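> Mind having a look at this structure? Questions to follow.
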Amino acid sequence: MTAQPTRPATGPEPTDPAGSPAPTDVPTATALAPDDGERESPPAAGTGAARPAPGFWSRLGNPPRAPLWLGFTASVVLLVGGVGGGGTLIHDPILTNSPLGFWRYGHGKELATALMYVGVVLMAWAWVRLGREVLARRVGGRAVLTTAVLWMLPLLVAPPLFTRDVYSYLAQGALPLFGFDPYGVGPEAMPGTFTDNVHYFWQDTPAPYGPLFILIAKAWAWVTVQAGTNMVVGVIGMRLIMCIGLVLLIGALPELTRRLGGRPAVALWVVVANPVMVIHLVGGGHNDLLLVGLLAVGCLAMLRGKHVLGIALVTLAMATKASAAVALPFLVLIWAAQLEGTFLRRLVRAGAASVAVFLVVFAGVSLAAQVDLGWLPALSAPSMIVNWLSLPTGLGEFVHTALGGVAPLPKQPFINVARVIGGAALVAIVVVQWWRARGGGPDAVRRAGIALLAVALLSPATLPWYLSWGMAILAMVPWSARGLQWLVFGSLWLMIVYYPSGEAALYNWGYLAACAVLAWIAARSLLRPDPLGFRRPKPVPARTSLTGAEPPRAAAVGGR
149 MTAQPTRPAT
159 GPEPTDPAGS
169 PAPTDVPTAT
179 ALAPDDGERE
189 SPPAAGTGAA
199 RPAPGFWSRL
209 GNPPRAPLWL
219 GFTASVVLLV
229 GGVGGGGTLI
239 HDPILTNSPL
249 GFWRYGHGKE
259 LATALMYVGV
269 VLMAWAWVRL
279 GREVLARRVG
289 GRAVLTTAVL
299 WMLPLLVAPP
309 LFTRDVYSYL
319 AQGALPLFGF
329 DPYGVGPEAM
339 PGTFTDNVHY
349 FWQDTPAPYG
359 PLFILIAKAW
369 AWVTVQAGTN
379 MVVGVIGMRL
389 IMCIGLVLLI
399 GALPELTRRL
409 GGRPAVALWV
419 VVANPVMVIH
429 LVGGGHNDLL
439 LVGLLAVGCL
449 AMLRGKHVLG
459 IALVTLAMAT
469 KASAAVALPF
479 LVLIWAAQLE
489 GTFLRRLVRA
499 GAASVAVFLV
509 VFAGVSLAAQ
519 VDLGWLPALS
529 APSMIVNWLS
539 LPTGLGEFVH
549 TALGGVAPLP
559 KQPFINVARV
569 IGGAALVAIV
579 VVQWWRARGG
589 GPDAVRRAGI
599 ALLAVALLSP
609 ATLPWYLSWG
619 MAILAMVPWS
629 ARGLQWLVFG
639 SLWLMIVYYP
649 SGEAALYNWG
659 YLAACAVLAW
669 IAARSLLRPD
679 PLGFRRPKPV
689 PARTSLTGAE
699 PPRAAAVGGR
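Each number in my numbering corresponds to the 1-based position in the sequence shown with 148 added.
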């Protein structure tokens, strides 16, 4: 993910006959180079970028109008479609028994689902077009942020999109309100409105989340009960609380990006304007959003020398989801690097202080939430998910399928063995990255991002939004042009591996192949406006000398 050599920018960007930048395999070197000042070039004619204007738009960074409104339209379409095709309520207080109730059933639901896919395509198109403007330095970080925020606004009041997890959050928060241990029983122990909307797969599963999240979910479940157990209020409120993590991430991103060597506008485009962020994390209301925000501000605090604060913030991230714990040993190295003495002596001192901060913070949150360590056994709950997005699980399924043609064999033993191998590989990756990060500083933060990405891919279960753990950090490092194309492909393909209703689509091979082709076209179009080569360039007259003079024109037939 480091920047690769690209051809130098020696003059104005070439244009095609239509006035748009000519298709190139990679952008100019200046498009990806770090730039603390985020200088912006004047918009080129025909690019879709808005010309600088004084007043309101200028204060917003002069975002390019075409991607801005295209993405906003996509969000509105997703909102309208999501009311019928998303993770809808079993008993909707707004649509049930109303003239619009048809939108949730039969052909109405099919139309709503199709509309959601239209919204996904429009959002992908808007994101790629915004990316072209960012790489060409026609817009800066403020414009990217303005655009992403406008895209998200309609989704703040939408039903859960491509997931039903937020209903599980509310039910797990309601369990302690009614005297149940969320780490001992699943939502089915508490029949009622909260439980009715939880996906059947998680009905008997204890909460796999940390005490901070249980405290938050419990508080908002209480508010929801006071509102008459209004699940619309519950969903919207839970999503807004999770967006606190997005605010933290955006606040830490500019300085953290400069420390990691990246470019803020590119980082904002990679992680904040990304459709996985807009549709999955914000539209889906996932608690991973709170994790990445606390992780980002914790890493920045460590680099600023505020070590106690940094460890405390990442401990809170772990108290949301346990996966954030992987970053803590890397933060200890940052602290140790700023002490004096031998490496071992510095490591012991920083490690002891970090453990003390961790214990105080974690114990305090656990006491506030009135829970014990019962969440540790509940961490095995995600391993119940069996899909091939997890590389070890996919390997086990592949071997079982390959041998299944010879003799009928049970699948689970193959998956279990592959998960053990994946766990060993994960431990090796994390240990190697930690040792190489012993110099501390920004490199330790970058390697923590690599370790978190490895956790998402090599854990027994992987879901699309899990990759945000590592990408929230790795978005801030320098990126090559080819790396950004892979990012576009992966992000857009991850968008559709779950159906809008929240059911998995990972074994619908024809559907996945068609979506992969579309994602590939989008990835190519980031750097080539005509990715399939349909446009035929106008021939350029030959030149006869280095001075650029054109050859004399031959006399036409007929002496004209």
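Even for Gly, the Cβ is constructed at its ideal location relative to N, Cα and C.
Just so we're clear, the structure is a prediction, and the values are computed from it rather than from any experiment.
1. Below 6 Å CB to CB, which residues in the same chain sit around residue 201 once its five sequence neighbours on both sides are set aside?
2. If you run the structure through DSSP and keep just helix, strand and coil, what is residue 653?
3. Hey, is the region 449-464 in contact with the region 497-511, meaning 3+ C-beta pairs nearer than 8 Å?
4. Please confirm whether residue 636 has its beta-carbon closer than 8 Å to some beta-carbon of chain B.
5. Would you grab the beta carbon distance between residue 709 and residue 391 for me? Rounded to a whole angstrom, and I think it's under 8 Å.
6. For the ligand ZN, is there any heavy atom lying closer than 7 Å to the beta carbon of residue 595?
7. Kindly list the residues whose CB is nearer than 7 Å to the CB of residue 551, restricted to its own chain and excluding five residues on each side of it in sequence; keep chain order.
8. How about residue 642 and residue 424: do their beta carbons lie closer than 8 Å?
9. Which residues does DSSP pair with residue 646 in a beta bridge?
10. Find the nearest neighbour of residue 348 within the set 474, 336, 318, 669, judged by alpha-carbon distance.
11. Quick check: the Cα distance between residue 450 and residue 467, rounded to an integer number of angstroms?
12. At 4 residues or longer, and completely inside the region 236-284: list those alpha helix (DSSP H) runs for me, N to C.
13. Kindly indicate which residue of 253, 353, 560 has the alpha-carbon position closest to the one of residue 526.
14. Exposed or buried, what is residue 521 when buried is set at 16 or more other beta-carbons lying within 10 Å of its beta-carbon?
15. Since residue 359 is in the alpha helix (DSSP H), which residue starts that stretch and which ends it?
16. Among 597, 355, 398, 580, which residue has its Cα nearest to the Cα of residue 528?
17. With distances taken from CA atoms, which of 273, 246, 230 is nearest residue 674?
18. Taking the beta carbon of residue 156 as the centre, do at least 16 other beta carbons fall within 10 Å, making it buried, or is it exposed?
19. Looking at the secondary structure, which residues open and close the alpha helix (DSSP H) in which residue 616 lies?
20. If the criterion is Cβ atoms closer than 8 Å, does the pair residue 287 and residue 339 meet it?
21. With 16 as the cutoff for other CB atoms within 10 Å, does residue 518 come out buried or exposed?
22. Roughly how many whole angstroms lie between the Cα atoms of residue 662 and residue 483?
23. May I ask you to report which of helix, strand or coil DSSP gives residue 435?
24. If I follow the unbroken alpha helix (DSSP H) through residue 598, where does it start and stop?
25. What do you reckon, are the CB atoms on residue 531 and residue 609 nearer than 8 Å?
26. Could you pull out every residue in the same chain whose Cβ sits closer than 7 Å to the Cβ of residue 435, ignoring the five residues on either side in sequence?
27. For residue 280, I'd like the list of residues in its chain whose CB is within less than 7 Å of its CB, leaving aside the five on either flank, ordered along the chain.
28. Output the boundary residues of the alpha helix (DSSP H) element that contains residue 232.
29. Residue 653 to residue 660, Cα distance in whole Å?
30. Given a cut-off of 8 Å, decide if residue 437 and residue 443 are closer than it, judged by their beta-carbon atoms.
31. To the nearest angstrom, report how far apart residue 649 and residue 587 are at their CA atoms.
32. Which value, in whole angstroms, describes the spacing of the CA atoms of residue 582 and residue 488?
33. For residue 647 and residue 416, what's the separation of their Cα atoms in angstroms?
34. By Cβ distance below 8 Å, which residues in the same chain neighbour residue 257 in space, the five residues on each side in sequence not counted?
The short version:
1. Here residue 201 refers to the residue found at position 53 of the sequence shown. Per-residue confidence for residue 201 stands at a pLDDT of 47, beneath the threshold of 50, marking its modelled position as unreliable; the derived number appears in the next sentence. Excluding residues within five positions, none has a Cβ falling inside 6 Å.
2. Here residue 653 refers to the residue found at position 505 when the sequence shown is read from its first residue. In the structure shown, residue 653 sits in coil (DSSP, three-state: anything other than H, G, I, E or B).
3. yes
4. Absent from the structure is chain B; it holds one protein chain and no more.
5. What the structure shows of the chain is the stretch from 149 to 708, and residue 709 is not part of that stretch, so it cannot be assessed.
6. The model depicted lacks the ligand ZN and carries no ligand whatsoever.
7. Walking along the sequence shown from the start, residue 551 turns up at place 403. If we look at residue 551 and ignore the five residues flanking it on each side, its Cβ neighbours are 557.
8. The sequence position of residue 642 within the sequence shown is 494, counting from 1. The sequence position of residue 424 within the sequence shown is 276, counting from 1. Against a cut-off of 8 Å, the Cβ pair of residue 424 and residue 642 comes out as a contact.
9. For this step, residue 646 is matched to residue 498 along the sequence shown. According to DSSP, residue 646 bridges with 652.
10. Working through the sequence shown from its first residue, we reach residue 348 at position 200. Ranking the options by Cα distance to residue 348, first place goes to 336.
11. By 1-based counting over the sequence shown, the position of residue 450 is 302. By 1-based counting over the sequence shown, the position of residue 467 is 319. Taking the straight line from one Cα to the other gives about 18 Å.
12. 254-283
13. Residue numbering aside, residue 526 sits at position 378 when the sequence shown is read from its first letter. Of the candidates 253, 353, 560, the one whose C-alpha sits nearest the C-alpha of residue 526 is 353.
14. Your numbering for residue 521 matches position 373 in the sequence shown. Under this definition residue 521 is an exposed residue.
15. Reading the sequence shown from its first residue, position 211 is the one you call residue 359. Taken as a continuous stretch (DSSP letters only), the alpha helix (DSSP H) holding residue 359 covers 359-374.
16. Locating residue 528 in the sequence shown gives position 380, where the first residue counts as 1. If we check each option's Cα against that of residue 528, 355 comes out closest.
17. As a working note, residue 674 is residue 526 in the sequence shown. Of the candidates 273, 246, 230, the one whose C-alpha sits nearest the C-alpha of residue 674 is 273.
18. Position 8 of the sequence shown, counting from 1, holds the residue named residue 156. Here the model assigns residue 156 a pLDDT of 35, short of 50, so the residue's position is not dependable and the matter cannot be decided.
19. Your numbering for residue 616 matches position 468 in the sequence shown. Run containing residue 616: 616-622, per the alpha helix (DSSP H) assignment.
20. Here residue 287 corresponds to residue number 139 of the sequence shown, with the count starting at 1. Here residue 339 corresponds to residue number 191 of the sequence shown, with the count starting at 1. Not in contact: residue 287 and residue 339 (Cβ atoms no closer than 8 Å).
21. Residue numbering aside, residue 518 sits at position 370 when the sequence shown is read from its first letter. Counting Cβ neighbours within 10 Å, residue 518 comes out exposed, since fewer than 16 surround it.
22. Within the sequence shown, the letter at position 514 stands for residue 662. Within the sequence shown, the letter at position 335 stands for residue 483. Each residue's alpha carbon lies about 48 Å from the other.
23. As a working note, residue 435 is residue 287 in the sequence shown. Looking at residue 435 - three-state DSSP - the assignment turns out to be coil, as it is neither helix nor strand.
24. Here residue 598 is taken as the residue at index 450 of the sequence shown, counted from 1. Residue 598 -> alpha helix (DSSP H) spans 589-606.
25. As a working note, residue 531 is residue 383 in the sequence shown. As a working note, residue 609 is residue 461 in the sequence shown. Yes; because the gap between Cβ atoms is below 8 Å, this pair is in contact.
26. Position 287 of the sequence shown, counted from the first residue, corresponds to residue 435. Around residue 435: 317, 357, 361, 390, 468, 469.
27. Here residue 280 is taken as the residue at index 132 of the sequence shown, counted from 1. Once the five neighbours on either side are set aside, the close Cβ partners of residue 280 are 674.
28. For the purposes of this step, residue 232 is taken as the residue at position 84 of the sequence shown. Looking at the DSSP string, the run of the alpha helix (DSSP H) that includes residue 232 is 213-233.
29. Residue mapping note: residue 653 aligns to position 505 of the sequence shown, counting from 1. Residue mapping note: residue 660 aligns to position 512 of the sequence shown, counting from 1. Each residue's Cα considered, the two are about 8 Å apart.
30. Counted from its first residue, the sequence shown places residue 443 at position 295. Counted from its first residue, the sequence shown places residue 437 at position 289. The answer is no: Cβ separation not under 8 Å.
31. Walking along the sequence shown from the start, residue 649 turns up at place 501. Walking along the sequence shown from the start, residue 587 turns up at place 439. Taking the straight line from one Cα to the other gives about 46 Å.
32. Taking the sequence shown and counting its residues from 1, one reaches residue 582 at position 434. Taking the sequence shown and counting its residues from 1, one reaches residue 488 at position 340. Approximately 20 Å between the Cα atoms of the pair.
33. Your numbering for residue 647 matches position 499 in the sequence shown. Your numbering for residue 416 matches position 268 in the sequence shown. Going from the Cα of residue 647 to the Cα of residue 416 covers about 27 Å.
34. Counted from its first residue, the sequence shown places residue 257 at position 109. Excluding residues within five positions, the ones whose Cβ falls inside 8 Å are 232, 233, 251.
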